[in-house]
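Asks: Sequential numbering from 5 applies to the sequence shown in the numbering used here. One structure is given below, represented as structure tokens, and several questions about it will come after.
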Amino acid sequence: MPAASPIEAMLAHLPLPLTTVDNGMGALQLLLRQSFDTVVLARELKGLNGVAVTAALRASLSHNTAARVILISSNREPVPGHLHIDETLPRDQALLERLTGLLASI
């Protein structure tokens, strides 16, 4: 069994199903095939970054077009408003607490 990713390890205590992908293209392909209530993306993904994945998802006709998106980023540049990203969380020491709080409220 492969080792858990850092995000999986951080969120393992939550009673939510969790699916992880380590690159933007893989994330987009999965989002176009399977339904998700909430999507947590890193802005700095390999391949397609989280902003590009969100833009493609919002433009798609998939069942996840309107899914809640939480973007994690160390980049302070604003994200275009038309992407309708629900939350942007800075990648800092309080990330786990904020992300856990958001996901626990689902």
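Even glycine gets a Cβ: it sits at the ideal position worked out from N, Cα and C.
DSSP state of Arg47, grouped into three classes?
Replies: The sequence position of residue 47 within the sequence shown is 43, counting from 1. DSSP places Arg47 in coil when its eight states are reduced to three.
Asks: Since Leu45 and Ser66 should fall inside the 8 Å C-beta cutoff, what is the C-beta to C-beta distance between them, to a whole number of angstroms?
Replies: By one-based count along the sequence shown, residue 45 stands at place 41. By one-based count along the sequence shown, residue 66 stands at place 62. With 8 Å as the limit, Leu45 and Ser66 do not qualify as a contact, their Cβ atoms being about 15 Å apart.
Asks: With a Cβ-Cβ cutoff of 8 Å, do Leu61 and Asn68 count as a contact?
Replies: In the sequence shown, counting from the first residue as 1, residue 61 sits at position 57. In the sequence shown, counting from the first residue as 1, residue 68 sits at position 64. Going by C-beta atoms, Leu61 is nearer than 8 Å to Asn68.
Asks: In whole angstroms, what separates the C-alpha of Ser78 from that of Thr42?
Replies: In the sequence shown, residue 78 corresponds to position 74, counting from 1. In the sequence shown, residue 42 corresponds to position 38, counting from 1. Their Cα atoms are separated by approximately 20 Å.
Asks: Is the CB-CB distance between Ala59 and Leu87 below 8 Å?
Replies: As a working mapping, residue 59 is identified with position 55 in the sequence shown. As a working mapping, residue 87 is identified with position 83 in the sequence shown. In contact: Ala59 and Leu87 (Cβ atoms closer than 8 Å).
Asks: For my contact list, Leu56 and Gly28 are in at a C-beta cut-off of 8 Å; report their separation, rounded to the angstrom.
Replies: Here the question's residue 56 lines up with position 52 in the sequence shown. Here the question's residue 28 lines up with position 24 in the sequence shown. Rather than Leu, the amino acid found at residue 56 in this sequence is Ala. Going by Cβ atoms, the distance from Ala56 to Gly28 rounds to 6 Å, so yes, they are a contact pair.
Asks: Mind checking who Asn27 pairs with in its DSSP beta bridge?
Replies: Numbered from its first residue, the sequence shown carries residue 27 at position 23. Its beta-bridge partners are Lys50.
Asks: What is the DSSP secondary structure of Val55, counted as helix, strand or coil?
Replies: As a position in the sequence shown, residue 55 is number 51, starting the count at 1. Reduced to three states, the DSSP call for Val55 is helix.
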